[in-house]
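Asker: Each residue of the sequence shown is one higher than the one before, starting from 957 at the first, in my numbering.
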Amino acid sequence: MTRIYLVRHAQSEGNFYRRAHGMYNSMLTPQGRIQLEALKKRFADIPVDVVYTSPLYRTRATAAAIYEAGQIPVHVLQDLHEVNCGPWEDRTWGDIRYHDPEQLDNFTYHFYRWHIPGAETPEEVRTRMLRALDTIVEQCPGKTAVAVSHGMACRILLGTLEGMSLQEISEKFPHGDNTAVSLIEYDNGKYRVVFANDSSHLKKEISTLAQQKWWRGQGEREIGLRFVPLQVSSDAGAALYQLCRAEGWMSSHGNMAHFDGAAFLDQARRNQAAYPEAVLAAYYEDAFAGLLQLDTEMDRSEGAGRIAFAYMTPEYRKHGAGVQLVGEAVSRFRRMGRTKLRLRCAAENQVAQNFYRRCGFHKIGVDTQAPVALDILELPIGFENA
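Below is the structure:
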């Protein structure tokens, strides 16, 4: 008998920032690293002969938690990769919902109907995932293997092995959490799912699905942001920008001492002259929800990009959407080849400090030129730093 433990990767940027990451090569989050420790303990007493992983970083990093403790061979298997989302890749789910709500609902709840030109079809995912399973069985007869793959790919494979059609899978088969473990046995030419999507090794506070609602059904909507360039050279754009800056300053410092709205606006215009999309308005559907300002020049020589300003309107705070501002900055600066993301945060603003720490930022210094105490925080976004 051949045993295959099918494992979904740990939490990665797409799960956290709420972006469509199929073939996009995203990194793990701090919470994902904690999930890996729990996964490592789960496999500590399970004899494993060989590990297979998809070629993407998030699965390879997850696989390493299983094989690093022993002399276990690891192989990259292309067929284990996630569904290729084509033109959806690295877009926010909020942007996709705004422009193509029907197909997003199909993808989330009725993926047997999902079809995007240039993307992989669910049928193609099913075919190659079954092929991956056959490859592992052929190469490892009578052994115990681990195969690390992705959420949608695992769901389609497991449901298929349970005898379900794609429609039945999309409507009845549950989603697996990050690092969820399934066991498949192969004997006498047949596959059997012993158990599926077990995440008992995860405490609630480190579970991804416990902190999200989208997977519970169509009535459970989350705040998904989309980003639109804001022209601060226009009167309307400048007025909105200054309003956000003033409210953000008051929220951070508790008073308006040292606030210089004209200087902030001048900085925003200089940032936009260097990079036309440096100032981005965040919307939840058609409602204004926040602002993101990027400085592409300040830390360029050090391979870093800088968030000059990140802001959520009061009504959209404390709903878990703020991380999407960080995700947009990561996406844009990574495309520019930057390996670090920096920002300044008021030392006394513990709410913001805790938020950025949860995102993976750490303190690297203090801005001694600022009129108030500001810590300089940094987040590694390059794979060589992972």
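The C-beta atom is built at its ideal place from N, Cα and C for all residues, glycine as well.
1. Do the segment 972–988 and the segment 1027–1046 meet, that is, are 3 or more Cβ pairs less than 8 Å apart?
2. Between the alpha carbons of L1297 and R1291, how many angstroms are there, rounded?
3. What is the C-beta distance between A1238 and L1247, in whole angstroms, given that I count them as a contact (C-beta under 8 Å)?
4. Using alpha carbons as the reference points, say which of A1303, A1260, R1148, A1308 lies closest to G1293.
5. Scan the segment 1270–1332 and note each continuous beta strand (DSSP E) run of 3 residues or more that stays entirely inside, going in chain order.
6. Is it buried or exposed for P1078, if we count other Cβ within 10 angstroms and need 16 for buried?
7. Please classify F999: is it buried, with 16 or more other beta-carbons within 10 angstroms of its beta-carbon, or exposed?
8. Classify Y1065 as helix, strand or coil using the three-state DSSP reduction.
9. Relative to the alpha-carbon of D956, which residue among T1015, V1030, K997 has its alpha-carbon at the smallest distance?
10. How do the segment 1124–1138 and the segment 1058–1067 stand: do at least 3 beta-carbon pairs fall below 8 Å, yes or no?
11. Indicate whether at least one CB of chain D lies closer than 8 Å to the CB of G1204.
12. Once DSSP output is grouped into helix, strand and coil, what is the label at S1105?
13. Taking the straight line between their C-alpha atoms, what separation do you get for M1212 and W1205?
14. Take every Cβ of the segment 1311–1319, pair it with every Cβ of the segment 1269–1276, and state whether three or more of those distances are shorter than 8 Å.
15. Buried or exposed: where does G1050 fall if 16 or more other Cβ atoms within 10 Å of its Cβ makes it buried?
16. How big is the Cα-Cα spacing for Y1142 and F1151?
17. Helix or strand or just coil, what does DSSP make of E1127?
18. Hey, how far is the Cα of S1163 from the Cα of A1303?
Answerer: This is what the structure gives:
1. Touching, yes, given that three or more Cβ pairs across the two stretches are closer than 8 Å.
2. On the sequence shown, residue 1297 is found 341 positions in, with the first residue counted as 1. On the sequence shown, residue 1291 is found 335 positions in, with the first residue counted as 1. Taking the CA atoms as reference points, L1297 sits about 12 Å from R1291.
3. As a position in the sequence shown, residue 1238 is number 282, starting the count at 1. As a position in the sequence shown, residue 1247 is number 291, starting the count at 1. With a Cβ gap of about 7 Å, A1238 and L1247 count as contacting.
4. One-based indexing of the sequence shown puts residue 1293 at position 337. Looking at A1303, A1260, R1148, A1308, the one whose alpha-carbon comes closest to that of G1293 is A1260.
5. Runs of the beta strand (DSSP E) inside the segment 1270–1332: 1296–1302, 1318–1323.
6. By 1-based counting over the sequence shown, the position of residue 1078 is 122. Buried: at least 16 other Cβ atoms inside 10 Å.
7. Here residue 999 refers to the residue found at position 43 of the sequence shown. That one is buried.
8. On the sequence shown, position 109 is the one that residue 1065 refers to. In this structure, Y1065 counts as helix in the three-state DSSP scheme.
9. Within the shown structure, residues of the chain are numbered from 957 to 1342, placing residue 956 beyond reach of any answer.
10. yes
11. Checking the listed chains, one finds no chain D in this structure; it contains a single protein chain.
12. For this step, residue 1105 is matched to residue 149 along the sequence shown. Of the three classes helix, strand and coil, the one that applies to S1105 here is strand, per DSSP.
13. Within the sequence shown, numbered from 1, the residue matching residue 1212 stands at position 256. Within the sequence shown, numbered from 1, the residue matching residue 1205 stands at position 249. Taking the straight line from one Cα to the other gives about 7 Å.
14. no
15. The sequence position of residue 1050 within the sequence shown is 94, counting from 1. Result: buried.
16. In the sequence shown, residue 1142 corresponds to position 186, counting from 1. In the sequence shown, residue 1151 corresponds to position 195, counting from 1. Going from the Cα of Y1142 to the Cα of F1151 covers about 13 Å.
17. Locating residue 1127 in the sequence shown gives position 171, counting from the first residue. Here E1127 sits in helix by DSSP.
18. In the sequence shown, counting from the first residue as 1, residue 1163 sits at position 207. In the sequence shown, counting from the first residue as 1, residue 1303 sits at position 347. S1163 and A1303: Cα-Cα distance of roughly 30 Å.
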